[in-house]
Amino acid sequence: MEAKIQKLISEYGIDDQRTQAWFTKRGEMLTASEIWKSFGDATAAARRELILSKLTPPKKQDGPGVGALIWGTRFEPIAKEIYCHTEKVKLIDLSCVRHPEHAFLGASPDGLIITDDERNGRLIELKCPISRQFNDDTPVPDAYYHQMQLQMECTGLHECDYVEMQFKTMNYSEWSTTEAEFKSCFAVDGDGNVFYRHITDTRSVHDWQVEILVNPMEMQILYWVLVQKRQKLTLKDPDWMPTHLPEMKATWDEIVQHREAGTVPAIKEKPILVL
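Residue numbers (full-length UniProt numbering): 1 to 275.
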């Protein structure tokens, strides 16, 4: 196990997520976050969207993106910090890991857990939903379950911690009087760059702004509290890959055919109901 962990760190231990290189690499394969779209129970529109995304050159998105994506991207570093703080572990960022046998498959886990107990070498998948509600009994959404299974297949690991955290942003007056286990803030400049006040920072918000931010008056300050969190250990399912490989390969073969022919998948027309 230790040799496998060190090999992953050596070959993929770099945080290049959302860089142009990362987008380009993802364009060469079906990746874990989108793999559900290749399954038979996905809608025709979702499958077509997946195929089209592999037929156009992938580009790094300019600007912060849409609401849910902005939220998840900005809060993921906070979620990682909280997880490391509460679980007393270290997280290693991983790049997109290509499947060792099926080169058209890949996965970008949110992190690899490093510790001195049985959790060492466990993957982690973090979700910070902007509106979706959950509790300890809420089933893991199918798309995320499939995402973790492909992550474990690509890395050769057998465990993944599924972690969800719900954050709430509020104005300073409300934030300053709200009791919460974890609360802090971050600043966003005009270019979308984010500057975080760590959860262990004992300085006042004012002192942090003065000492860390170059032009705090020109930045947007967002105050947040952690509302709830949960984590669920997901184990590798040995039947997952044999069950879904034919569908994944059929989707990739169709992508290759369209590339060679210079075509795109047709839009399936909905049947017209005649009364």
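For glycine and all other residues, C-beta sits at the position ideal for the given N, C-alpha and C.
Check	Outcome
Which of helix, strand or coil DSSP assigns to Gln166	strand
Under 8 angstroms between C-beta atoms of Tyr12 and Ser131	no
Which of helix, strand or coil DSSP assigns to Lys7	helix
Member of Thr234, Lys88, Lys268, Leu126 whose CA lies at the smallest distance from the CA of Pro77	Leu126
Member of Thr155, Trp252, Ala261 whose CA lies at the smallest distance from the CA of Arg47	Trp252
Rounded straight-line distance, which links the Cα of Ile267 to that of Leu45	Note on residue identity: the sequence assigns Ala, not Leu, to residue 45. Approximately 8 angstroms, taken between the alpha carbons.
Length at least 3, wholly inside the segment 183-228: the beta strand (DSSP E) runs in chain order	183-188, 194-196
Assigned secondary structure, Ile70 (DSSP; H/G/I helix, E/B strand, else coil)	helix
Alpha helix (DSSP H) segment containing Leu52, residue limits	44-53
Beta-ladder partner(s) of His111, from DSSP	The amino acid occupying residue 111 in the given sequence is Gly; His does not appear at that position. DSSP, once it has assigned bridges, lists Ile124 as partnering Gly111.
Start and end residues, alpha helix (DSSP H) containing Leu150	142-155
Extent of the continuous beta strand (DSSP E) run through Leu91	90-92
Inter-residue Cα distance where the pair is Gln151 and Thr31	9 angstroms
For Gln257, the three-state DSSP class (helix, strand or coil)	helix
Secondary structure of Thr263, DSSP reduced to three states	coil
Assigned exposure category for Met248 - 16 Cβ within 10 Å defines buried	buried
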